[in-house]
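Trainee:
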Amino acid sequence: MRRRARGRFSAGLQQRHEPRRDSGVQQHGVAKRHGLGHPRQRQCPPVRGENVSCFFGTDGIRGEVSLETPGNLEAVQRLESGRTLTPTFMTMLGQSLARLHEEWPGEGDTFVIGWDRRPGNARLVAALTAGLRCEGARVVHIGECATPTLHHAVLSFAARAGCMITASHNPVTDSGIKVFDANGYKLPPQQEENISRAVRLLSHDEPETAISEHQPFSTPDVEELNWGITAHRAWLANRWEGFSERFGRWQGQENGSVSPDFLIDSACGFASAWLSAFLNEHGVACREVSDPDGVLNDGCGAGDLSPTATWTHEEARASSHALLRQLTPAPAGQLVGAALDGDGDRCLFIEATEDGFAVVDGDAMGALLLAAGGEQPWSFAASIESDVGLFGRAANLNPDTVCTETAVGDRWLSFALRPEGGGLLSSDAMPSLCGIEDSGHIVLPAPHPQTAHVWSLVGDGAATLCAVLLASCKELDTPYIRGWKQRRSIQDSHRERWRADTALFATTEQVIFQRMKHLGYAPKRRRISGEEHLLLVHGTAPNGAASIGIRNSGTQAKTSLSVRLSVGVDPKPFEQLMDELVQKLTAALTTP
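For the sequence shown, my numbering assigns the number 37 to the initial residue and increments by one for each residue that follows.
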């Protein structure tokens, strides 16, 4: 493994707190109402009770799109057995959302729908709209947008919920849905299970229902297809000012922290048409490298960048990735580019090193924002995949900072940071809250579009880019030194075999405990809300800390193993252990 050259972004035992449970919230904002009639809304039967397999993963529902329209029961079977997402399933999902929304925060029956640019999305949006409207919901279409734009639209329209049709960084042959409540938060697992149960009940009660029966309801009540760009640009301009007050004003690129040839890669997504122009208007000389008319996520974007990736100059030039191949050598530590993912909710930076380039991941960005954000304490959340020394860094900056370790997924960051009641935040100035994942999800407060001194929590790749650029202008006393981290995935995993109640789980835990003790560490298993089948073992020793985690992906058929070590810990024995665990788990999880 090539040694990573130290740059600006190139450290403490973590605390554990469980994310707070979702509960009642107060709705903020007023939106214009359009008095349009709907069929009478039907009530869904009770859906609580025995366990049910949930269609939702870490971040919504995803699958490979088929525009065939099987019956209801077959549509469910095809999603479960073959990861195939059909318009039929989306109609049932819309019906279930409309029947259950009264259990959620907020008022009214308005659903806002947005989407990214994928070949099958028009049909999926129409099918979802039909399902919602045939059950009495009112539907607003805002057109192509980023996931954070949809969050903003929910608050702007005072909607009961929002639906983003996307599969994030997945290929365009996939699509899916992310569902937001009235406060712009993604739904908690219990509500996702209720929705899944409602879909199953519908598929069994009406197994052969033809999607054509719902076709008359596929047109929205309100259509504002150009709403997204105008609204997101204005929202981002407001946030730029707030970030400038918190992290410092833009000082230009003359001080060397940001390359004068800074490149933006918006993954051929929503931001590719306007983000570089926005930044240039605010004094950041930059150029977009992805094509607004190109194929989403195809050889571009943050989805293909690993948080620990490095490249030599030669490797970057030879890369098929649109951003990497256009980078030019720069002084070590200088920020040379940034990439968003397909649906625009996360961002990764690229910095120059002595012999090439390296990813600046969410951990490093979070550490920078805390250091640049003043001397006040923060509420800081990071996922179980973040650097093992990150919370120690946060405590060194301010011992009163409250740190929370969360499950994987940006919703858990928001759940950990939001008020006890689960609603929005009240503050005259931007609250000192920050949640990060090493993948580039950065959750920060955003001003409510309708109500002064009220703030939501959202992960927005464009806003993250702005905040980090502003923070990078500050001279910091000490650089953030990252520990060692490696993640490996077992592809085509039978994820149902990796469960906390299996013999495989127990024997794997025993192997990790024995090896950690042999290496001089005191191991302890940690349990994290939202990760029922996570095996997370954290060990401490006089020379540092080590953490080993094994979890199923919530979006793909894979099981991941990660090892995180604090600064100064020799990675070699842990690499050997990792090899042994991967070999054992591959045999157990991938054989027919």
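Glycine is no exception: its CB is placed at the ideal position from the N, C-alpha and C atoms. The structure presented is a predicted model; accordingly, all values stated were derived computationally and were not measured.
1) In whole angstroms, what is the alpha-carbon distance linking S492 and F541?
2) To the nearest angstrom, how far is the alpha carbon of C90 from that of E290?
3) Among I300, D379, G428, S450, which has the Cα closest to the Cα of A403?
4) Going by DSSP, name the residue or residues bridged to N588.
5) Looking at the structure shown, is K608 part of a helix, part of a strand, or coil, going by DSSP?
6) Buried or exposed, going by whether 16 or more other CB atoms sit within 10 Å of the CB of K214?
7) Residues in its own chain within less than 7 Å of N87 by CB, not counting five upstream and five downstream?
8) For the alpha helix (DSSP H) that contains V161, what are its first and last residues?
9) Going by CA-CA distance only, name the one from L191, F147, F314, S248 that's closest to C199.
10) With a cut-off of 8 Å, does the C-beta of L363 fall near any C-beta of chain C?
11) Residue range of the beta strand (DSSP E) that P500 falls in?
12) What does DSSP give as the partner residues of T120 in its beta bridges?
13) Are there 16 or more other CB atoms within 10 angstroms of the CB of S525, so buried, or fewer, so exposed?
14) Taking just the CA atoms, how far does V599 sit from D340?
15) Could you check where the beta strand (DSSP E) with W520 kicks off and where it finishes?
16) Could you tell me the alpha carbon to alpha carbon distance between R563 and R382, rounded to whole angstroms?
17) Out of D145, A303, I472, point me to the one whose CA is closest to R153's CA.
18) DSSP beta-bridge partners for A29?
19) Which residue from C336, T346, S565 puts its Cα closest to that of W448?
20) Contact defined as beta carbons within less than 8 Å: I believe A375 pairs with A388. What is the distance between those atoms, to the nearest angstrom?
21) Tell me the DSSP bridge mates of H177?
22) By how many angstroms is the C-alpha of F314 removed from the C-alpha of A307?
23) Count Cβ pairs between the region 496 to 506 and the region 178 to 193 that sit closer than 8 Å; are there 3 or more?
24) Here's a check: name, in chain order, each residue in its chain whose Cβ is nearer than 6 Å to the Cβ of P559, leaving out the five neighbours to either side.
25) Rounded to whole angstroms, how far is the Cβ of L384 from the Cβ of V396, which I believe are closer than 8 Å?
26) With C-beta atoms as the reference, is R135 less than 8 Å away from A197?
Mentor: Reading it off the structure:
1) Against the sequence shown, residue 492 aligns to sequence position 456. Against the sequence shown, residue 541 aligns to sequence position 505. Taking the straight line from one Cα to the other gives about 38 Å.
2) Residue 90 sits at position 54 when you count from the first residue of the sequence shown. Residue 290 sits at position 254 when you count from the first residue of the sequence shown. Between C90 and E290, the C-alpha separation is close to 52 Å.
3) In the sequence shown, residue 403 corresponds to position 367, counting from 1. Of the candidates I300, D379, G428, S450, the residue whose Cα lies closest to the Cα of A403 is G428.
4) The residue you call residue 588 lines up with position 552 of the sequence shown. Bridge partners of N588: T595.
5) In the sequence shown, the residue the question calls residue 608 occupies position 572. Residue state, collapsed to three classes: helix.
6) Start at 1 with the first residue of the sequence shown, and residue 214 comes out as number 178. Its Cβ being crowded by 16 or more others within 10 Å, K214 is buried.
7) Within the sequence shown, the letter at position 51 stands for residue 87. Note that N87 has pLDDT 42, beneath the 50 cutoff, so the model's placement of it is unreliable and the number below is only indicative. Excluding sequence positions up to five before and after N87, its CB lies less than 7 Å from no other CB in the same chain.
8) Sequence index remark: in the sequence shown, residue 161 carries index 125 (1-based). Per DSSP, V161 is one residue of the alpha helix (DSSP H) stretching across 157 to 170.
9) As a working note, residue 199 is residue 163 in the sequence shown. Considering only alpha carbons, the answer is F147.
10) As a matter of chain content, chain C is missing from the structure shown, which is built from one protein chain.
11) By one-based count along the sequence shown, residue 500 stands at place 464. The question names Pro, but residue 500 is Thr in the sequence shown. That residue, T500, is in no beta strand (DSSP E); its alpha helix (DSSP H) goes 497 to 507.
12) Numbered from 1 along the sequence shown, position 84 holds the residue referred to as residue 120. Beta-bridge partners assigned by DSSP to T120: E100.
13) Sequence index remark: in the sequence shown, residue 525 carries index 489 (1-based). Exposed.
14) Here residue 340 refers to the residue found at position 304 when the sequence shown is read from its first residue. Here residue 599 refers to the residue found at position 563 when the sequence shown is read from its first residue. Their backbone Cα atoms lie some 20 Å apart in a straight line.
15) By 1-based counting over the sequence shown, the position of residue 520 is 484. Its beta strand (DSSP E) spans residues 520 to 527.
16) For the purposes of this step, residue 563 is taken as the residue at position 527 of the sequence shown. For the purposes of this step, residue 382 is taken as the residue at position 346 of the sequence shown. Here the alpha carbons of R382 and R563 stand approximately 26 Å from one another.
17) Position 117 of the sequence shown holds residue 153. When only C-alpha atoms are compared, the closest one is A303.
18) The shown model of the chain, from 37 to 628, leaves out residue 29, and the question about it has no answer.
19) Looking up residue 448 in the sequence shown gives position 412. Taking the Cα of W448 as reference, the smallest distance to any Cα among C336, T346, S565 is reached at S565.
20) Translated into positions along the sequence shown, residue 375 becomes position 339. Translated into positions along the sequence shown, residue 388 becomes position 352. The C-beta separation of A375 from A388 comes to about 15 Å, leaving the pair out of contact by the 8 Å criterion.
21) In the sequence shown, the residue the question calls residue 177 occupies position 141. According to DSSP, which records beta bridges pairwise, H177 is partnered with I149, E259.
22) On the sequence shown, position 271 is the one that residue 307 refers to. On the sequence shown, position 278 is the one that residue 314 refers to. Answer to the nearest angstrom: the Cα atoms are 10 Å apart.
23) A contact exists between the region 496 to 506 and the region 178 to 193.
24) Residue numbering aside, residue 559 sits at position 523 when the sequence shown is read from its first letter. Answer for P559: F549, M552, V573, G575, listed in chain order.
25) What you label residue 384 is simply residue 348 of the sequence shown in a count that begins at 1. What you label residue 396 is simply residue 360 of the sequence shown in a count that begins at 1. L384 to V396, Cβ: 7 Å. Contact.
26) Residue mapping note: residue 135 aligns to position 99 of the sequence shown, counting from 1. Residue mapping note: residue 197 aligns to position 161 of the sequence shown, counting from 1. The criterion of a C-beta distance shorter than 8 Å is not satisfied by R135 and A197.
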